[in-house]
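So the sequence shown is numbered by our numbering: it starts at 59 and just counts up by one. Just so it is clear, CB atoms sit at the ideal spot from N, CA and C, and this is done for glycine as well. In this text, all values refer to a predicted model and were calculated from it rather than measured experimentally. Accompanying notes for the structure given below.
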Amino acid sequence: MSKKNTRNIDDAEIKKFSAAASRWWDTESEFKPLHQINPLRLDFIDQRTPLDGKMVLDVGCGGGILSEAMALRGAKVTGIDAGESALEVARLHALESKVKVDYQKITAEDLARQSPGKWDIVTCMELLEHVPDPSSVVTACAALAKPDGAVYFSTINRNPKSFLFAIVGAEYLLNLVPRGTHNYEKLIRPSELNQWGEAAGLNTEELTGMHYNPIFQSYRLGPGLEVNYIMRTIKISP
Numbered sequence: 059m060s061k062k063n064t065r066n067i068d069d070a071e072i073k074k075f076s077a078a079a080s081r082w083w084d085t086e087s088e089f090k091p092l093h094q095i096n097p098l099r100l101d102f103i104d105q106r107t108p109l110d111g112k113m114v115l116d117v118g119c120g121g122g123i124l125s126e127a128m129a130l131r132g133a134k135v136t137g138i139d140a141g142e143s144a145l146e147v148a149r150l151h152a153l154e155s156k157v158k159v160d161y162q163k164i165t166a167e168d169l170a171r172q173s174p175g176k177w178d179i180v181t182c183m184e185l186l187e188h189v190p191d192p193s194s195v196v197t198a199c200a201a202l203a204k205p206d207g208a209v210y211f212s213t214i215n216r217n218p219k220s221f222l223f224a225i226v227g228a229e230y231l232l233n234l235v236p237r238g239t240h241n242y243e244k245l246i247r248p249s250e251l252n253q254w255g256e257a258a259g260l261n262t263e264e265l266t267g268m269h270y271n272p273i274f275q276s277y278r279l280g281p282g283l284e285v286n287y288i289m290r291t292i293k294i295s296p
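Following this line, the structure appears as structure tokens:
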């Protein structure tokens, strides 16, 4: 699935999220699911790699929903994204909230060349399915982490059930996210993500699914990786 792309940016994806940038912090907008799953993601990370005092990099931070939450847990957070509109919203919200986050417009690959091995924790949530070469981002995330550092990924599996739930259900039936948010061909199987991680020097420690209950309109973490899932990896020491 690897492609030669020095930028590793999908301009159409950047344009799509930039158009919605002003609504990042509107909990009733198309970003409502991100606000709903954020406490789950935050606790999953903090319980396994306590955030307080850690150097943390949030790759594909968007409007800063997870970045701010990790900073409030005591982490020293840097958030990076390729979309300037989202970063402007993130910076403004951080000022209003009096939360310190260093936001930068840069790709993971470029930052890995500048500052390898700098961060205790690297998070890359809901990004891999939106870039041309996800394996390149995985490699960069591994390079950015310190030896024995933790790298967290979350994305969507690629199979008939994920097509039914994440695309048909979420985009067309329940209107949880705008139509066209996800491209089925870009979804990523856990085995693929694990393979890319291993090649980059990451050891997979834990996998768990993220499940939506349409009756209660709520999310939970638990067994089952058929649709959304989170992976915790550790960078192997040289």
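Task: 3 or more residues per run - each beta strand (DSSP E) lying fully within the segment 130-156 - done: 134-139
Task: 3 or more residues per run - each beta strand (DSSP E) lying fully within the segment 193-274 - done: 203-214, 260-271
Open item on the list: Quick check on the burial criterion: 16 or more other C-beta atoms within 10 angstroms. Buried or exposed for Thr291?
Closed with: buried
Task: Helix, strand or coil at Leu185 [DSSP, three-state] - done: coil
Open item on the list: Cutting at 6 angstroms between CB atoms, please list the residues of its own chain near Ala258, excluding the five before and the five after it.
Closed with: Val196, Thr197, Ala200
TODO: Within 10 angstroms of the Cβ of Ile246, are there 16 or more other Cβ atoms? Answer buried if so, exposed if not.
DONE: buried
Open item on the list: Measuring straight from C-alpha to C-alpha, what distance separates Ala70 and Val189?
Closed with: 10 angstroms
Task: Completely contained beta strand (DSSP E) runs for the segment 71-126, where each covers 3 or more residues - done: 113-117
Open item on the list: When you compare the CB positions of Leu115 and Leu100, do they come within less than 8 angstroms of one another, or not?
Closed with: no
Task: At least three beta-carbon pairs within less than 8 angstroms, the segment 138-149 to the segment 74-84 - done: yes
- [ ] Would you mind sorting Val135 into buried or exposed? The rule is 16 or more other CB atoms within 10 Å of its CB.
- [x] buried
TODO: Rank Lys293, Gln172, Ile179, Ile214 by C-alpha distance to the C-alpha of Leu186 and give the top, closest one.
DONE: Ile214
Open item on the list: Is the separation between the beta-carbon of Ile164 and that of Gly207 shorter than 8 angstroms?
Closed with: no
Task: Nearest-angstrom Cβ-Cβ length linking Glu88 and Pro236, presumed shorter than 8 angstroms - done: 5 angstroms
- [ ] Provide the residue span of the beta strand (DSSP E) that contains Arg278, from first to last.
- [x] 276-280
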